[in-house]
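One structure is given here, and the rest of the page talks about it.
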Amino acid sequence: MRQLITLIIILAALGFQPNVTANQSLSITGILLDESQQPLSEVNVTLNNKTVSSDKQGRFVMPIDSPVTNSSAQQAIYQLSFAKIDYFKSIQTFSHYELFYLSAENRHGVLADITLVAKKAKRVMLAFGGDVMMDRRYYKPYFGDAILIHPETRLKDSKKIVEHIKAYMSIADYAAVNLETQIADKNPGERAPKSVTFYSHPEILDALVWAGIDYVSLGNNHTYDYLEPGMASTIAFLQESPLDFSGAGMNEQQALKAHRQTINNTEFSMLAYVGWEGRSEPTQTANHQHGGAAYGSMANIISSVQQEVSQDRITIVQYHGSQEYASSPTGVTEQRLKSALDHGAALAIAHHPHVSQGLELYNNKLIAYSMGNFIFDQNFSATQHSFILYVWLDAGKFHRAEIVPLYVKGYKPTPATGVNRYTVMKRLTVLSKLRNTHISQSGGHGVITPTTASVTVKSVNINLVEPTFVKKSSMQHKLTFAPGSKIASLTHLPWHQQISAVSLPNEQVKYRLGKNLINGSDFEGFSSFDSPERGLFFDRSIMSLNNYGASGNTSMSLALNKQQTTTFGVKSFWRVYSASRPMTIKANYLSKNSVKLHYYWQGRKSRQKLFDAFKNSPKNLIKTLVLAGSDKWQSVEVDFNSPRVGYKSYRIMVEAELIDGSTTQLAIDDFAVIEWHSAFTDKATPPFFSLDSRQPAYLGLSNVSQLDKTSAKGVVVTTE
């Protein structure tokens, strides 16, 4: 089954590269397996209304009919569906960039093996997403970004926001999200005494139903944002909607009441809670005096879970708690979720941190500690990577989970591809491994099963002709450095494997590991999914996308003139950052004329309002340099340290000034702000001293002059 993939890897190692920049028909190929890893034949694979079937070896070849050129490939997305009688349908999405550019192994559109799950009596497929709202910047975006929801086309616009996850949620037997907003057709009136409140128009409910959502959790800290009128309005609109709900009510009894649902002839109960009462009066949790969310105290959780379990109902718990933007749950959250499972709940799903956290198989029951955002308008990078979670239960017992990586792109949930897939899955793999939970691979998705068998598999060195065999699966990857650069990307490495060794060319060279704080800054897929990136700022009147790049297939250009300078950089302040970290601003530039570049950082102080920081915070000069005119890409890497104290967030900006000629096009690619998470070392074994260092996206070298004059040769990374 694997001869084709091995052959392609060998050809790539020998220097064969497909001409993907010329008019040419390409294909996507892969192997389909059942859960015992046996080939699945007669699986219908569909792409853009074209269907092929897998053969007896489970192999399929999907031709891409349209000729692929630089211009057509820039934003190309391939969403494949896999269907077979008596199996659950599967959807997988890939970008042209990751299939044909990102890695040597994948230059021919070869997918990792994909496993389908068989249907059987009492087996139920559930789907979960994270936090949902459609308020605030959906109507009033910052920085001149396009409005996503217009009052006169509210339903149409709301559906457009969820169009790219409709296929994923619709295939589940039952799909759920956390509705972190009240529902009202006009401002409900008095706000709760808190800094942030939400209400979304009723069309959000219609859009969720259209997208395949069946249930919404109301157990969260925004369910009572507009007090009793908002609570009453929310419940009234939900009662008119096909959506099921629980986790809030007009009194404590209603709030703690489970929603009961029959799914595939199996009785389920859905419970939802918020983890704290709130400091203000009235509290955000329901009591005998007023409505609100269900309070998820230990006593309430145990009591309500036991009530449902005692009636032989499979009980699902959703819980809103822990700390925002943290990598791990609080001890209170962990204990409450595990206690819910100890008292009979079958599954626990949590949210609130706005970033994903790890998953854990606890006594063969699954806990998802934070789902992250699903439909949300936060515009700083850490909150834009999340996931859909599929869970299969057999008569209430955990059978399998599958992780679909998501990228909330321009406030719209989209399948994560390329670098974003790597970022989502690497984080979840690392955080889950800390809890003894292994995530394996199925195509572009992650998989968790009750047991992970140890299987002897091939270890492929892409620089060798003959593959070798070892107990563990390991691969060697020779890194590529641009001329003059001391930094290489690691996002082409397999996300489900950890770096086990780094080989350096000589004793004078050391390395360190880091991650990029900017999303979409390689410009591949910049406008894919009909949703332009919103993380960078630049003058739109002089900006254009190019169908060429220093890497990949796309870059950005700014039209410069002698009369004025222009500024580009990070649009939003990073809400959470690591203080006093070594940093590097990395970019590739192409300009036929000389350009002066001024690098700055701008901080937002601890109690400073957001727009006051944009307007009034001083720009702190990091470095000024002159980019000589050239017809070749030039790599520029500027080191600095992140602020130490006194700031809650900061951002990076670059001011470009034309100094030679009257006009020029300044092309920019691979613009990254890298936060280093390990000190320079020459040790072969990576220094994984922190969670961040275990999720590296870049490797930086200490001394390029010790390497080859044109590129850093001889740096090899082993993963296993």
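Numbering-wise, the sequence shown is residues -22 to -1, 1 to 698 according to mature numbering (1 follows the signal peptide of the UniProt record, and there is no 0).
The beta-carbon is built from N, C-alpha and C at its ideal position, and this holds for glycine as well.
{"Query": "Which value, in whole angstroms, describes the spacing of the CA atoms of S148 and I191?", "Result": "7 Å"}
{"Query": "Roughly how many whole angstroms lie between the Cα atoms of A162 and K118?", "Result": "18 Å"}
{"Query": "Enumerate in chain order the residues of its own chain whose CB-to-CB distance from N524 is below 8 Å, with the five nearest sequence positions on each side excluded.", "Result": "T532, S533, M534, S535 and A645"}
{"Query": "By a C-beta neighbour count over all protein chains shown, 10 Å radius and 16 as the cutoff for buried, is A394 buried or exposed?", "Result": "buried"}
{"Query": "Going straight from the alpha carbon of I92 to that of S14, what length do you get?", "Result": "12 Å"}
{"Query": "Name the residue from Y56, E255 and L371 whose alpha carbon lies nearest to the alpha carbon of T392.", "Result": "Y56"}
{"Query": "Identify whether V623 lies in helix, strand or coil by the three-state DSSP scheme.", "Result": "coil"}
{"Query": "Please report the distance separating the alpha-carbon of V402 from that of L133.", "Result": "30 Å"}
{"Query": "What whole-angstrom Cβ distance do residue 744 and D500 have, given they're in contact under 8 Å?", "Result": "Summary: the structure shown does not reach residue 744, with the chain confined to residues -22 through 698, and so no result is reported for it."}
{"Query": "Short of 6 Å in beta carbon distance, which residues of its chain neighbour K601, apart from the five on each side in sequence? Order them along the chain.", "Result": "Y577 and V616"}
{"Query": "Applying the 10 Å Cβ sphere with the 16-neighbour rule, what's the burial state of Q362?", "Result": "buried"}
{"Query": "Would you say K564 and Q580 are within 9 Å of each other, going by their C-beta atoms?", "Result": "no"}
{"Query": "Between the alpha carbons of S364 and N398, how many angstroms are there, rounded?", "Result": "10 Å"}
{"Query": "Whose C-alpha, out of I63, V425, H266 and S359, is nearest the C-alpha of Y628?", "Result": "S359"}
{"Query": "Go through the stretch 316 to 359 residue by residue and report every complete run of the beta strand (DSSP E) that reaches 3 residues or more, in order.", "Result": "325 to 329, 337 to 340, 343 to 346 and 351 to 353"}
{"Query": "What does a CB cutoff of less than 7 Å around G322 pick up in its chain, not counting 5 residues either side in sequence?", "Result": "V283, Q284, V287 and T293"}
{"Query": "Going by the beta-carbon positions, is the gap between A304 and P331 smaller than 9 Å?", "Result": "yes"}
{"Query": "I need the straight-line Cα distance from R314 to R169, nearest angstrom please.", "Result": "30 Å"}
{"Query": "Note down, in chain order, each residue of its chain lying with its Cβ closer than 6 Å to the Cβ of V694, except the 5 sequence neighbours on either side.", "Result": "Q454, K456 and S481"}
{"Query": "How long is the line joining the alpha carbons of A185 and E130, rounded to whole angstroms?", "Result": "15 Å"}
{"Query": "Starting from V408 and walking both ways along the alpha helix (DSSP H), at which residues does that stretch end?", "Result": "G396 to K411"}
{"Query": "Evaluate contact between the stretch 187 to 204 and the stretch 264 to 276, counting only Cβ atoms and requiring at least three cross-stretch pairs below 8 Å.", "Result": "yes"}
{"Query": "If you run the structure through DSSP and keep just helix, strand and coil, what is Y204?", "Result": "coil"}
{"Query": "Taking DSSP as the reference, what is the three-state secondary structure of residue 699?", "Result": "The chain is shown from -22 up to 698; residue 699 falls before or after that span and cannot be answered."}
{"Query": "Identify which residue in N342, H474 and E218 has its Cα closest to the Cα of S420.", "Result": "H474"}
{"Query": "Quick one: what's got a C-beta closer than 8 Å to K540's C-beta in the same chain, skipping five residues either side?", "Result": "L636, G639, S640 and T641"}
{"Query": "So V693 is in the alpha helix (DSSP H); what residue range does that whole segment cover?", "Result": "Unbroken run through V693: none, as it is neither H nor E."}
{"Query": "If we require 3 or more residues per run, which beta strand (DSSP E) segments fall completely within the stretch 25 to 72?", "Result": "28 to 31, 37 to 42 and 55 to 61"}
{"Query": "In its own chain, which residues sit with a C-beta less than 7 Å from the C-beta of S556, not counting the 5 before and 5 after it?", "Result": "S620 and E653"}
{"Query": "I'd like to confirm the pairing. Which residues does DSSP put opposite M209 in its beta bridges?", "Result": "DSSP lists no partner for M209."}
{"Query": "Between L337 and L409, is the Cβ-Cβ spacing less than 9 Å?", "Result": "yes"}
{"Query": "Apply the 10 Å Cβ neighbour rule to I125 and answer buried if 16 or more other Cβ atoms are within range, or exposed otherwise.", "Result": "exposed"}
{"Query": "For S258, which residues of its own chain have a beta-carbon under 8 Å away from its beta-carbon, when the five flanking residues on both sides are left out?", "Result": "A170, P171 and K172"}
{"Query": "Is it buried or exposed for V382, if we count other Cβ within 10 angstroms and need 16 for buried?", "Result": "buried"}
{"Query": "Kindly indicate the opening and closing residues of the beta strand (DSSP E) around K601.", "Result": "K597 to L605"}
{"Query": "Can you check which of these residues, N26, N27, K28 and M40, is closest to L4 by C-alpha distance?", "Result": "M40"}
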